[in-house]
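Enquirer:
2 protein chains.
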Amino acid sequence: MTIEINFNSEEAYYMQIRNQVISQIAYGELKKGESLPSVRQLAEEIGINMHTVNKAYSLLRQEGYVKIDRRRGAMVDVEYRQDADLKEISDEMYLLVAKARCKGIDKDRVHKMVDEHYAKGN
Amino acid sequence: MTIEINFNSEEAYYMQIRNQVISQIAYGELKKGESLPSVRQLAEEIGINMHTVNKAYSLLRQEGYVKIDRRRGAMVDVEYRQDADLKEISDEMYLLVAKARCKGIDKDRVHKMVDEHYAKGN
DNA sequence: CCTGATGTTATATTATAGATATAACATCAG
DNA sequence: CTGATGTTATATCTATAATATAACATCAGG
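Same order as they appear, the protein sequences are chains A and B.
Take the first sequence: its letter number 33 is residue 33 in the numbering used here, and every next letter is one higher.
To convert a position in the second sequence, counted from 1, into the numbering used here, add 122.
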C-alpha cells in the first residue's frame, strides 16, 4: 500500500491517510480482506508519528471500512449500513450540489462527473 | 436571512455560516444582489462573536459568493471561475464517489441523489 | 461638518484539536 | 518465552477556533 502525505496541505495527516485508504478500497487497489501495514510500519514509512496513523485506522474502523484485530492489524472489511451510509453521502452531496448550482454548473455536468469517477478502476 | 448555529456540532461556527449562506444562495432563499446582515448584526442575532461572522463572510468573498463593500456590507454576487470551480467540485466528488463505491451504492443511486438536490427550490 | 454604521486591523486570552514523544500494557501467533 | 500487534496513558508543542476589547478608515445621510 502506498500512502503519500502532503505536508504542506491544510488537511490533517490522519484525514489524508483515511481518504487515501477509502479511495484505494473504492478503486480496487486495496482488496477486501487485504491487510494494511501496521501503525508502526506505516508511520515510519511516511515519517510521521504512530499515533497519527492509529487515529486514521481507528476512524476507518469507526466508519466501517476496516476491521482491526489486536495482533493481526487492520484489514479491509467494509461494513454496509444502508440507511446511515446513504444519509451521510446524501448530506455531503447536498452542499456539493449547492456549490455547483451557485457556480452555474448544471445537473448534466455533475452527472458527467459522477460517471467519470465511477468509470475508473475496479 | 436566517442562520442557525448548532453549538454542539464539531463543525466550526464560521463554516456552518458559510455553508448555510451557500445553501441559501443555491436554493433561492438568498437572491443575487441581496444584502447579508452586517457582521455585528448577525453576530448578535445568533449570539456569537463578530469576528467569527467576519471570518465566514471573508471566506465567502474569497470563494466568490459575495462581494463586500466597506460600508454597505456584503451582498450576494457569485463570481464564476469555470475551471477552478469545476476542478474543486470534481475533486470533492471523487472522494464522495469513493465512499459510495465502498459502501455498495451504485451509480444510479448517486444520480438520483443529485437529481433530488437539483429539484429543490429556485 | 458631524454622526453613525460599515468592514477592517490589531492584540490578547482561552479552549480545543492535531501531531509528536515516551512509556507501558494486554494479547497471542509462532 | 519472544516479538509484533493495537491500545492506553501522559506530557508537550503548535495551530486553529472563538472570544473580548479597542481602534481605525470610509462615507452615506442628516
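All residues carry an ideal CB built from backbone N, CA and C; glycine is no exception.
These numbers were taken from a predicted model, which means no experiment stands behind them.
1) Nearest chain B C-beta to Ile25(A) closer than 7 Å, yes or no?
2) Going by DSSP, what residue range makes up the alpha helix (DSSP H) through Ala43(A)?
3) Whole angstroms is fine: what's the gap from Met1(A)'s alpha carbon to Arg162(B)'s?
4) CA-CA distance, Lys55(A) and Ala220(B)?
5) Decide if Lys154(B) is buried, meaning its Cβ has at least 16 other Cβ atoms within 10 Å, or exposed.
6) Give the range of the alpha helix (DSSP H) segment to which Val219(B) is assigned.
7) First and last residue of the alpha helix (DSSP H) that includes Asn12(A)?
8) Please confirm whether Val198(B) has its beta-carbon closer than 7 Å to some beta-carbon of chain A.
9) Got a sec: is the Cβ-Cβ distance from Ser212(B) to anything in chain A below 7 Å?
10) Please report the distance separating the alpha-carbon of Leu217(B) from that of Lys87(A).
11) Where does Asp106(A) fall in DSSP's three states?
12) Which same chain residues, not among the five before or five after His233(B), have their C-beta less than 7 Å away from its C-beta?
13) Is the beta carbon of Tyr136(B) closer than 7 Å to that of Ile127(B)?
14) Going by Cα to Cα distance, which pick from Asp106(A), Lys120(A) and Gly104(A) is closest to Lys229(B)?
15) Taking Cβ to Cβ, would you say Tyr149(B) is nearer than 7 Å to Gly104(A)?
16) So Leu158(B) and Val188(B) are supposed to be a Cβ contact under 8 Å. How far apart are they, rounded?
17) Do Ile3(A) and Ile46(A) have their C-beta atoms within less than 7 Å of each other?
18) Would you say Gly226(B) reaches chain A, if we count a Cβ-Cβ gap shorter than 7 Å as a contact?
19) So, with DSSP's three-state summary, where would you put Ile22(A)?
Expert: The answer reads as follows:
1) yes
2) Val39 to Ile46
3) 50 Å
4) 20 Å
5) exposed
6) Gln204 to Cys224
7) Correcting the residue type first, residue 12(A) is Ala in the shown sequence and not Asn. Counting along the chain, Ala12(A) falls outside any alpha helix (DSSP H), and DSSP gives it neither H nor E.
8) no
9) yes
10) 16 Å
11) coil
12) none
13) no
14) Lys120(A)
15) no
16) 7 Å
17) yes
18) yes
19) helix
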